Amino acid sequence: DLGAYEYDGTFFSEFTPENRSKENPLNTDISFRVQNKKYSKDELSISIEVNNKKYTDYTIINNNGSTTNTDMYVRFAVDSLSEPIVDVIVRVLSPENQNEYQDYSFFTTLFSAPSDSKQNIYVAPWGSDNAGKGTFADPYQSPNKGLKEVAAGGTVHLYPGTYIIENIQWPTKDNLTLTSFEAGGGNNKNVILDGSNAAESCIDIINSVTLNIAGLTFQKSAYVPGKYCICITAPEGIKTITNCIIKNVSRGICISGANNVNVINTKIINPSNKIGELGIAIVNNCLNVSLENCLINNLGGGLCIDGRYTRVTVNNCTFWPGESYAIFNQVVPEDNITILNSILWDNGTTAKVQGIGRMYFYNCNVKGGVAEYPGADNINEDPLFVDPQSSNFKLKGGSPCIDSGTTNILLTKDIENNPRPLGYGYDMGAYESTCTTYLSEFAPEINSTNNLLDTNISFRVQDYKYSKDNLNISIDLNGKNYSDYTIVKDNGSLENTDMYLVFDVDDFSSAKGCVTINVSNPDNIIIQKPYCFFSNQEIIFVAPWGDDTNGLGTTSNPYKTPQQGLDLVAPGGTVYLYSGTYNIETIHWPGKDNLTLSSYAEDGSISSNVILDAKASRGYIYANQPINLKIIGIIIQNAGNWPNYMGIDLGPLVKSAIIEKCIIRNNGIIANAQRLKVSNSLIYECKGHGILLKNTKA
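If you count by the working numbering, then the sequence shown holds residues -4 to 693, one letter each, in order.
Below, the structure is given as C-alpha cells:
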C-alpha cells in the first residue's frame, strides 16, 4: 500500500457482474471474493444491498481461508431485477465493530445510453464549447453553454471533474435540469463547480421557471463577503435543489421573493465558522419554501428569515452553526415558520433560536430550549453526535433524538438515502440512526388509553449484532427500576437477538405510566427508550389547592394546574377545574384528540368562578396540533402585551375548536385553525382584536 501503514482490513474483489458492465440478465446473482487476514469467515458479518434492498443469506462457493483468516468466494441469490441500473453495496462487519463497505454498479439489458439530442446535453471539463456538439461522445465544456443549448424540458449532464465558473445565469426555458453524470449512467459525487473567480453568485435564478439542480458540489474559495453561492429571486415556478453540497463559501443560498423552493438532501458546510457568514437566507415574503434532510455546519449563522408573510417548513434538518444562531426569524407575526424533527445545536453559548416572528417547533432538539415558542414534544438534550468536530452528525446509540420525531411528515429517506423510519419511529436530524438495537411492539402501546392499573410491561428487543446474553435490559416505571423479566418468545440465535419480554411490575395509581427501557451492549452503548401510556382515568380534576406532585387527579386529591391535568388525561377525556383563580402562565395544549377543558362546581354543573389569570407574553391557551378541542365555562383574562393580547391562540394544525360559555376579558382569540365555533360567550374590554381569524372557517 501507499504510505507508512499497510491496510489490515477486508478486501473485496472479482465481482460478478463486473463493475460498470452492461447487458447483464435481469435474474443475475451477485458474487465476489472476500479476504481478511485477521479474522475467519465465522467472525465476519457479510451482507449486500441491491437497489436499497438488503440481503444477508449467501452461499460459499469456494473457501481458501482458515481459522485465522478469510479467503472465500460468496454468492447472493437476489430477486429478479427490474431496473436498468443496479447499485450494489457490499458490507462486512468485523469483531472490532469496523463497518467496511464497497459500492459499485452494473447495468442490465434494459439499459441504454441517454440519447444525444437537445433534450440531453452533455458537458465535460475536457469538452469544447466551440468545437463540441454537446453529445455523449463530444460534449461541451461549460455548464453555461449546456444550459444555453438544451431544449425546454431537457437535462444538462455534467461529467465528473472541476468546472471553474464565473456566473451562471439560468435561462428562461422551463423544466430544465442541471445534474451530475457518470458515463455508465447514474449520478456522480465528483462534479465540482468552483466559483473562485466569481465576483457574483455561482448561479443566479431570476426567471420564473421550474427547474432542478441535482448532485452537484459547489465551492467558492474566494469567500466574497455578502455574496451567495446560489441566489434565487424568481417569484414563480418550482425550484428544487437536491443532493448537493455547498462548501467553503461565505454564504450558501439566498431565496428572495421566490415561491415554491425546495432544498432537499443538501449540505452547506465550511471547515470553520470563522469563514462563513450565513447558510440560507429567506427574505422578502417567500411562500412555500421547504428544507428537508439538510445539514448546515459552520456558517456563522444557520437560517435567517425576513419578510412579512413568509411560509417556511423545515423537516429533519441538522444545524451546527458554530458560535451564532441556528435560526433567526425577524419577521412580523403574520409569518408561519414550522420546524419539525430537527436538531439545532453546537458548542457555543449563543441561543440557537432568535427572533420576534412566529415559529412553531415540533419534536425538535434545541440547545437552550424553545419554551417561548409554540409547539410540542421538544427537548433540550445533548444529541450525542458521533463526532461533530469532524462534521460527523450521525447519531450515537442512546441519542435522545432516535425514534423521537413526529410521524406527521412524508419523508421516506434520510440525507444518505437510508430508509426512514428505522426502528420504532422517525429520528430527529438529517441522519436516520442505524443503531443495531431496535425496540418495538410495546404493550401497553405508546400513548394508549384505558389500560389497567396492574398492567405488565412487554416489548420486543432485536439486535442484529449481539445475542441476548450480551445485552443488559431493565425498565423504569414511574421512577422505579425493574430488572427481572420473562422471555415469552425467542427467535434469536447465538449471533443476534429477537425476543419478546414481559416485566411484572407493581400496581400504580397515577393516570399516566412513564416507562424508560434501558438496554446496554458490549460496545458500552446504552439505548434508552422513554414512552408513556394512560390508565382508564379519562376524567381528571384540578383545583387551586391541589398538588401536581402528590395528587392523583381525583375529586378528593386533584392536581394543581390545568397543564398537569391536560398532560395526564387520556385522549378523549375531560379536565375539570374547581372554582378559583389559577395564576399561571401559558397552557400548551397537548397532541391528544378530543380533550375538553371545563369548569366544575361541587354539584357537577358548570361553575362561573373559574378564572385563568394570564401573565404570559403569548396567547394564554395555545394549541397547534392536528386535534379537536373544547373549552367550556372558563374566564380567561389579562394575557400579555400587544401584539399578543390573546387569551386563546389556535394554530393552523388544529382541526376544530369549540368555545362555549366562556368570558374572555382584556384579550381575545386568534384563530388560524381549520374550524372554530364560539357560542354563548362574552368577549370584552379587548386591548387588541376580539377575534382575529386567519384562513379559518368559523
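No residue lacks a Cβ here, since even glycine has one placed at the ideal position from N, Cα and C.
This one's a predicted model, so the numbers in the text were calculated from it and none came from an experiment.
For residue i, the nearest candidate out of the options (CA to CA)
i	options	result
residue 698	231, 253, 277 and 232	The chain is shown only over -4 to 693; residue 698 falls outside these bounds and no answer can be derived.
residue 299	415, 310, 314 and 325	325
residue 200	254, 71 and 689	254
residue 58	198, 30 and 135	30
residue 17	101, 11 and 95	101
residue 439	529, 657 and 470	529
residue 6	294, 515, 95 and 189	95
residue 256	113, 264, 287 and 244	287
residue 337	232, 352, 308 and 343	308
residue 550	558, 123, 584 and 596	596
residue 4	-2, 319, 494 and 64	64
residue 301	35, 279, 285 and 321	279
residue 244	354, 215 and 617	215
residue 664	684, 649, 650 and 674	684
residue 11	47, -1 and 82	82
residue 45	626, 428, 646 and 71	71
residue 451	266, 616, 502 and 368	502
residue 273	231, 224 and 237	224
residue 406	296, 634, 319 and 260	260
residue 576	586, 105 and 603	603
residue 91	47, 385 and 33	33
residue 674	681, 660, 667 and 625	625
residue 175	187, 352 and 507	187
residue 366	263, 617, 658 and 130	617
residue 372	437, 515, 400 and 634	400
Continuous alpha helix (DSSP H) stretch holding residue i: start and end
i	result
residue 140	138 to 144
residue 79	First-last for residue 79: undefined, no H or E at that position.
residue 379	No alpha helix (DSSP H) holds residue 379; DSSP gives it neither H nor E.
residue 563	557 to 563
Whole-number beta carbon distance between residue j and residue i, since they are thought to touch under 8 Å
i	j	result
residue 594	residue 629	5 Å
residue 700	residue 27	Any property of residue 700 remains undetermined from this structure, which presents the chain solely from -4 to 693.
residue 313	residue 388	5 Å
residue 281	residue 317	Actually they are not in contact, since the Cβ atoms of residue 281 and residue 317 sit about 25 Å apart, beyond 8 Å.
residue 656	residue 676	6 Å
residue 653	residue 632	With a Cβ gap of about 20 Å, residue 653 and residue 632 do not count as contacting.
residue 348	residue 361	6 Å
residue 735	residue 510	In the structure as shown, the chain begins at -4 and stops at 693. Residue 735 is therefore absent and cannot be evaluated.
residue 158	residue 124	Their Cβ separation, rounded to whole angstroms, is 12 Å, which puts residue 158 and residue 124 out of contact at 8 Å.
residue 51	residue 42	5 Å
Boundaries (first-last residue) of the beta strand (DSSP E) holding residue i
i	result
residue 525	521 to 529
residue 485	481 to 485
residue 315	313 to 315
residue 308	306 to 310
residue 663	663 to 666
residue 116	115 to 118
residue 276	273 to 278
residue 287	284 to 287
residue 96	94 to 102
residue 68	65 to 71
residue 500	Note, residue 500: premise wrong, no beta strand (DSSP E); not H, not E.
residue 152	150 to 153
residue 618	616 to 618
residue 54	54 to 58
residue 457	452 to 458
residue 174	171 to 175
residue 641	641 to 645
residue 660	658 to 660
residue 717	The displayed coordinates of the chain run from -4 to 693. Any statement about residue 717 would go beyond what the structure contains.
residue 44	40 to 45
residue 415	It is not in any beta strand (DSSP E) - residue 415 carries neither H nor E in the DSSP assignment.
residue 573	569 to 573
C-beta neighbour in chain E for residue i, strict 8 Å
i	result
residue 139	The chain labelled as chain E is not found in the depicted structure, where only one protein chain is given.
Any non-hydrogen atom of the ligand SAH closer than 7 Å to residue i Cβ
i	result
residue 524	You won't find the ligand SAH in this model; it holds no ligand whatsoever.
(message) Three or more C-beta pairs under 8 Å: does that hold for the region 421 to 438 against the region 448 to 464?
(response) The region 421 to 438 is in contact with the region 448 to 464.
(request) Count the C-beta pairs between the region 136 to 143 and the region 156 to 172 that are closer than 8 Å, then say yes if the count reaches three, no if not. (result) Counting C-beta pairs with one atom in each stretch, the region 136 to 143 and the region 156 to 172 have three or more that are closer than 8 Å, which means they touch.
(message) Below 8 Å, how does it come out for the region 15 to 26 and the region 69 to 89: are there three or more Cβ pairs, yes or no?
(response) Taking 8 Å as the limit for Cβ pairs, the verdict is that the region 69 to 89 does touch the region 15 to 26.
(request) Please go through the region 196 to 256 and give each complete beta strand (DSSP E) segment of 3 or more residues, from N-terminal end onward. (result) Counting only runs of 3 or more, we get 198 to 200, 206 to 209, 212 to 214, 223 to 227, 234 to 237, 240 to 242 and 246 to 251.
(request) Mind the definition here: the region 560 to 569 touches the region 478 to 493 only if three or more C-beta pairs lie below 8 Å; say whether that holds. (result) Short answer: they don't touch.
(message) Report the start-end ranges of each beta strand (DSSP E) in the region 353 to 413 that is 3 residues or longer and not cut off at the edges.
(response) DSSP runs (the beta strand (DSSP E)) wholly in the region 353 to 413: 354 to 357, 380 to 382 and 387 to 390.
(message) Three Cβ pairs or more, each shorter than 8 Å: is that satisfied between the region 410 to 427 and the region 390 to 401?
(response) Touching, yes.
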